[in-house]
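Structure, as structure tokens:
4 protein chains.
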Amino acid sequence: MTTTQVTLVQIDNYGPWTTTPEPRREMDLQTLQSRLFADIAQFLGHRDAYVFFTRFDNMIAVTNGVDGAAHAALQESIGNRYPVTVSLGTAVAERPVDALEAANRQLQVEGSAQDEHRTEVLAGEYLAETTPSDLQVAHFDVVNATGKYTDQLNEFDTFINIERAYGSLMRHLRERHGALSFFVGGDNIVSVCSDLPEGAFADAVSHVGEDVDVELQVGVGRGASAHEAGFAAKHALEDCRHDGTSVELFGAPAAGD
Amino acid sequence: MTTTQVTLVQIDNYGPWTTTPEPRREMDLQTLQSRLFADIAQFLGHRDAYVFFTRFDNMIAVTNGVDGAAHAALQESIGNRYPVTVSLGTAVAERPVDALEAANRQLQVEGSAQDEHRTEVLAGEYLAETTPSDLQVAHFDVVNATGKYTDQLNEFDTFINIERAYGSLMRHLRERHGALSFFVGGDNIVSVCSDLPEGAFADAVSHVGEDVDVELQVGVGRGASAHEAGFAAKHALEDCRHDGTSVELFGAPAAGD
Amino acid sequence: MTTTQVTLVQIDNYGPWTTTPEPRREMDLQTLQSRLFADIAQFLGHRDAYVFFTRFDNMIAVTNGVDGAAHAALQESIGNRYPVTVSLGTAVAERPVDALEAANRQLQVEGSAQDEHRTEVLAGEYLAETTPSDLQVAHFDVVNATGKYTDQLNEFDTFINIERAYGSLMRHLRERHGALSFFVGGDNIVSVCSDLPEGAFADAVSHVGEDVDVELQVGVGRGASAHEAGFAAKHALEDCRHDGTSVELFGAPAAGD
Amino acid sequence: MTTTQVTLVQIDNYGPWTTTPEPRREMDLQTLQSRLFADIAQFLGHRDAYVFFTRFDNMIAVTNGVDGAAHAALQESIGNRYPVTVSLGTAVAERPVDALEAANRQLQVEGSAQDEHRTEVLAGEYLAETTPSDLQVAHFDVVNATGKYTDQLNEFDTFINIERAYGSLMRHLRERHGALSFFVGGDNIVSVCSDLPEGAFADAVSHVGEDVDVELQVGVGRGASAHEAGFAAKHALEDCRHDGTSVELFGAPAAGD
């Protein structure tokens with residue numbers, strides 16, 4: 054059984070800020086958002102957690118092993134270095150979506166995301182310890198994406214295919230299994246799941262093939278942290294690439310990692 | 054009639070690099086990608102151009118007013134500061150997708166995106182001058198996204214709605230009009246279009262409403278650069294917000310901007 | 054008695070890289086160096102350690118509480134995201150300079166800083182635990198720097214005064230006490246010391262006044278980490294500012310910090 | 054005759070901000086300062102200008118070729134992305150120090166650097182055009198610094214030597230010639246000078262050797278921009294390294310640069 058700790062990172066009152074006193078330059082907003090995400094990725098990544106950019110003003114993180122003090126340090130550091138602040142809600146559940154739902158409620162009960170008085174909320178519960186199979190992560194990519202798309206189509210039409218595959222997969226895994234799936238660039242999608250069997254991944258690959266005609270392959274890993282599970286998934290996906298299989302489970306982490 | 058200059062930014066041989074000699078930590082890749090995007094956003098943004106993260110390993114930029122020397126400077130600076138290099142293909146056409154198609158071909162004829170010997174391509178044509186209505190940009194957002202989604206649902210389910218709206222809109226505008234539409238965070242979508250009339254935007258809003266049941270509004274602007282057109286679009290969108298309209302065209306840029 | 058853990062961060066073979074195949078643009082080098090420093094400051098800062106930019110290609114860190122695994126993670130992450138790599142040598146001693154000397158030797162015995170085959174050295178010893186008075190940090194600034202210098206002189210002449218004060222202080226504390234002192238911007242100097250009495254700081258302030266005619270004040274703190282000691286020092290320095298004293302010791306850390 | 058345009062970049066009311074409501078974490082301040090410097094280095098560097106970190110809260114830039122609109126864009130972008138704002142004063146003179154003096158006065162007449170109401174000043178005059186020998190830049194480094202210092206001494210004692218050489222050189226060139234000299238990392242010092250003859254540089258090298266017993270070499274370049282002059286200086290310094298000379302003037306820029 055999985056135990057997933059999820060943190061919602063929400064920029065406080067961001068929408069109004071972007072247009073006050075008048076609209077800010079779009080490229081400055083893009084820079085601010087992506088650098089904030091990068092900083093959080095570094096902070097959490099070095100603690101073996103994952104964060105996904107999602108909508109940038111709201112980011113979803115998988116934070117098993119990161120305690121309340123670390124969340125407080127992250128929040129303080131952002132407040133010291135950015136013109137915006139963030140609220141952080143954290144919760145734990147077997148299924149990722151249930152953890153997110155509870156994490157999200159921690160902020161919603163304190164007020165609206167656009168309430169200028171609801172800033173720097175830090176709320177929730179954190180796992181006291183981690184165990185080796187708390188997390189299951191699946192790493193999908195598109196079979197021969199460079200040969201079939203990138204080198205053939207214009208980039209936007211390539212992107213349409215990747216985006217359709219992502220949309221199809223993320224909805225399927227959310228509805229069927231309560232998993233949270235994120236596009237992470239290129240042709241890569243990372244899903245944080247509960248304890249799903251091999252058949253569930255084969256079904257997901259089939260579903261996307263039938264739904265939008267894009268062929269996926271997937272490696273699946275387990276671990277005590279998002280990095281550990283995700284790294285095992287990356288190794289399993291390498292096995293797919295080398296062996297031409299479409300689902301590989303529980304790849305062993307590299308020695309010393 | 055619009056005249057759109059589009060640049061494709063492609064990280065050279067990136068896929069293999071991410072797994073050589075073994076998979077690199079996902080949060081380091083996320084950090085690298087988002088900071089590279091941020092740097093390009095700053096470089097181009099200060100020249101009144103726009104860049105969109107798209108798939109991060111391939112980014113699409115609208116670069117009217119940015120000449121070949123500036124493209125060369127960007128490429129050199131990235132090569133000096135990152136462990137990866139980029140290729141840049143640029144082309145001009147009335148419709149954004151046609152410009153991208155030609156820009157993309159500049160790189161494809163030189164070799165595969167995963168050809169380790171095809172690095173730092175710098176190719177294409179650049180507009181010699183700009184005129185005040187070369188570009189049309191539309192800025193969409195979701196009506197009352199915070200009240201209807203962010204404050205009510207968990208973030209992933211909110212994201213599913215935004216993502217579906219984006220997918221529906223980007224495909225509609227691509228197929229019908231050759232426009233390129235990009236999610237830019239929150240509930241915002243920026244479309245780079247040819248010279249579309251008001252009815253085309255009203256149709257797009259209707260289409261998304263019927264297709265995925267998300268209500269959009271849109272401001273549209275014209276200008277000599279992506280920033281100028283996009284900034285006018287932002288102001289027009291502010292008018293939608295204040296007046297409750299769903300389409301506003303050609304908002305005047307703020308004085309002095 | 055203090056117990057200081059010092060880490061030398063050295064960019065591998067950096068000099069030759071900056072001029073190969075021909076000199077790289079100075080502003081790209083400045084950007085690379087200062088962002089690398091910023092990343093290390095974030096990584097170590099969140100672990101309550103300090104790093105100083107020193108010469109940028111060689112940075113000195115005070116890393117009590119940061120273990121070998123964290124040093125390895127930092128080294129790997131830099132290798133994943135920068136065009137250069139770093140070597141890290143760590144050692145422990147009562148006096149900061151002795152710890153640095155031993156840390157430095159860890160790298161020197163492996164080869165020259167410009168030996169292209171000596172890369173990513175990770176060597177040394179790390180404290181197994183920390184105790185509340187392991188570190189002593191002094192935070193100096195210039196009395197009324199804004200009124201006397203910044204608002205009166207041109208910035209370079211202001212800087213000459215600050216630089217002279219820094220040079221005088223850093224040499225005095227190094228020779229007399231084996232302390233390591235770093236300019237951290239503005240008119241601020243942070244010294245990492247062994248267990249010096251109040252008189253040693255009063256002497257240092259007098260020495261600089263006589264030597265270069267710049268009036269300093271100083272707050273001194275103790276703690277289990279560089280942040281803890283440095284934060285107490287900042288609070289003590291606030292007392293100097295409010296009370297007009299020139300030396301304040303062992304300011305209590307703020308509640309909850 | 055040289056024509057030097059200098060810009061003073063001053064963070065508004067920074068000192069008080071760093072301690073309000075209580076002292077901020079030192080590593081957050083270091084990160085903020087060095088990233089702000091890096092952003093300005095990118096912005097100005099891509100316009101062939103130079104900026105030096107100096108005291109970080111006050112930075113000195115050599116901005117021939119950068120007009121008032123670009124200065125305004127830089128100021129706005131920083132205000133959009135940082136928790137602090139900057140004021141910019143610019144002036145032109147033959148000698149760098151005279152340009153800085155006038156640039157600095159542009160801000161001083163508007164109020165104190167710590168006046169909370171004096172924010173985002175943008176003042177001064179900008180050159181209407183550039184000519185090929187407007188700027189003279191000298192690039193110094195220490196002869197065999199790695200062999201004599203880095204690989205032999207502990208890093209702090211190495212730094213003491215470099216710092217003493219820098220202090221000696223910067224004061225000599227300031228007093229004798231009104232030049233502005235900046236440590237740029239490693240063992241490198243960049244001087245922005247007026248039209249000095251070869252003998253002035255030989256004298257400077259001798260002065261430092263006698264004063265603090267550190268042996269320097271120097272390449273000198275001319276150009277229409279800081280980058281052009283500085284790049285020629287770097288090439289000239291390469292000649293020193295290869296030929297064992299201590300002063301090389303007017304190195305030719307690399308073809309195509």
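Listed in order, the protein sequences are those of chains E, G, S and H.
Counting from 54, one number per residue, gives the positions in the first sequence under this note's numbering.
Counting from 54, one number per residue, gives the positions in the second sequence under this note's numbering.
Counting from 54, one number per residue, gives the positions in the third sequence under this note's numbering.
Counting from 54, one number per residue, gives the positions in the fourth sequence under this note's numbering.
Idealized CB from N, CA, C, for every residue including glycine.
Being a predicted model, the structure only gives us computed values, none of them experimental.
Alpha carbon to alpha carbon, what distance is there between R108(S) and F209(H)? 10 Å
Within 7 Å, strictly: CB atoms of V265(G) and R227(G): In this structure, R227(G) does not lie closer than 7 Å to V265(G) by Cβ.
Under 8 Å Cβ-Cβ, which residues of chain G neighbour Q161(H)? Residues of chain G passing the Cβ test: none, with the nearest at roughly 26 Å.
Report the residues of the region 131-151 of chain H with a CB closer than 7 Å to any CB of chain C, ordered along the chain. As a matter of chain content, chain C is missing from the structure shown, whose protein chains are E, G, S and H.
Compile a chain-ordered list of the residues in the region 73-93 of chain S whose CB is closer than 7 Å to at least one CB of chain G. R77, R78, D81, T84, L85
Using a Cβ-Cβ distance under 7 Å, would H192(S) count as near chain E? Closer than 7 Å: no.
Take the Cβ of P76(G) as the centre, count every other Cβ of all protein chains shown within 10 Å, and call the residue buried at 16 or more, exposed below. buried
Would you please verify whether the beta carbon of G98(E) is less than 7 Å from any beta carbon of chain G? Chain G places a beta carbon closer than 7 Å to that of G98(E), counting this residue as a contact.
Chain S residues whose Cβ lies nearer than 7 Å to that of R224(H): I213
Going by DSSP in three states, V137(E) sits in which element: helix, strand or coil? V137(E) falls in the coil class under three-state DSSP.
Between the C-alpha atoms of G309(E) and H124(E), what's the straight-line distance to the nearest angstrom? Note that G309(E) scores a pLDDT of 38, beneath 50, so its modelled location is shaky; the value from the coordinates is reported in the next line. Rounded to whole angstroms, G309(E) to H124(E) spans 28 Å at the Cα level.
Just checking my contact of G283(E) with V243(E) at CB under 8 Å: how many whole Å lie between their CB atoms? 6 Å
For T57(G), list the residues DSSP reports as bridge partners. In the DSSP assignment, T57(G) is bridged to A146(G).
P69(E) versus F235(G): straight-line alpha-carbon distance, rounded: 21 Å
Assuming L153(E) contacts V59(E) under a Cβ cut-off of 8 Å, what Cβ separation, rounded to an integer in Å, is found between them? At roughly 5 Å, the Cβ-Cβ gap stays under 8 Å, so L153(E) and V59(E) are in contact.
Taking the straight line between their C-alpha atoms, what separation do you get for T56(H) and V104(H)? 17 Å
Where the alpha helix (DSSP H) through G276(S) begins and ends: Taken as a continuous stretch (DSSP letters only), G276(S) belongs to no alpha helix (DSSP H), being part of the beta strand (DSSP E) at 269-276.
Cα separation between Y67(H) and Q167(H)? If you take the alpha carbons of Y67(H) and Q167(H), they lie about 7 Å apart.
Looking only at its own chain, which residues have a Cβ that is under 7 Å from the Cβ of Y219(G), when we skip the five neighbours before and after it? F236, I242
So T174(E) and S140(E) are in contact, right, with Cβ under 8 Å, and what is the actual spacing, rounded? In the sequence on display, residue 174(E) carries Val and not Thr. Right, the Cβ-Cβ distance comes to about 4 Å (below 8 Å), so this counts as a contact.
Enumerate in chain order the residues of its own chain whose CB-to-CB distance from E301(S) is below 6 Å, with the five nearest sequence positions on each side excluded. G272, A289, D292, C293
Are there three or more Cβ pairs, one per stretch, closer than 8 Å when the region 76-85 of chain S is compared with the region 91-98 of chain H? Cβ pair count under 8 Å is three or more, so yes.
So, is P74(H) buried or exposed, given that buried needs 16 or more other C-beta atoms within 10 angstroms? exposed
Closer than 7 Å at the beta carbon, the chain S residues around N157(H): N207, E208
Is it buried or exposed for T184(S), if we count other Cβ within 10 angstroms and need 16 for buried? Exposed is the call here.
Give every residue of the same chain whose Cβ lies closer than 6 Å to the Cβ of S299(S), excluding the five residues on either side of it in the sequence, and list them in chain order. The answer, listed in chain order, is V258, Q270.
What are the residues of the region 95-127 of chain S that lie near chain E, defined by any Cβ-Cβ distance shorter than 7 Å? Q95, F96, H99, A126
Burial state of D65(H) (16 or more Cβ within 10 Å): In the assembly as shown, D65(H) is a buried residue. Its beta-carbon has 16 or more other beta-carbons within 10 Å.
Tell me which residue opens and which closes the beta strand (DSSP E) that L302(E) is part of. 300-302
Straight-line Cα distance separating Y202(H) from Q128(G): 36 Å
What span of residues does the beta strand (DSSP E) with G177(E) cover, start to end? From DSSP, the beta strand (DSSP E) with G177(E) extends over 175-177.
For R148(S), is the classification buried or exposed, using 16 other Cβ atoms within 10 angstroms of its Cβ as the cut-off for buried? buried
To the nearest angstrom, report how far apart D248(H) and H280(H) are at their CA atoms. Our two residues, D248(H) and H280(H), have alpha carbons roughly 17 Å apart in a direct line.
Straight-line Cα distance separating R134(E) from L85(H): Each residue's alpha carbon lies about 6 Å from the other.
Chain H contacts made by the region 281-292 of chain S, where a contact means CB separation under 7 Å: G283, F284, K287, H288, E291
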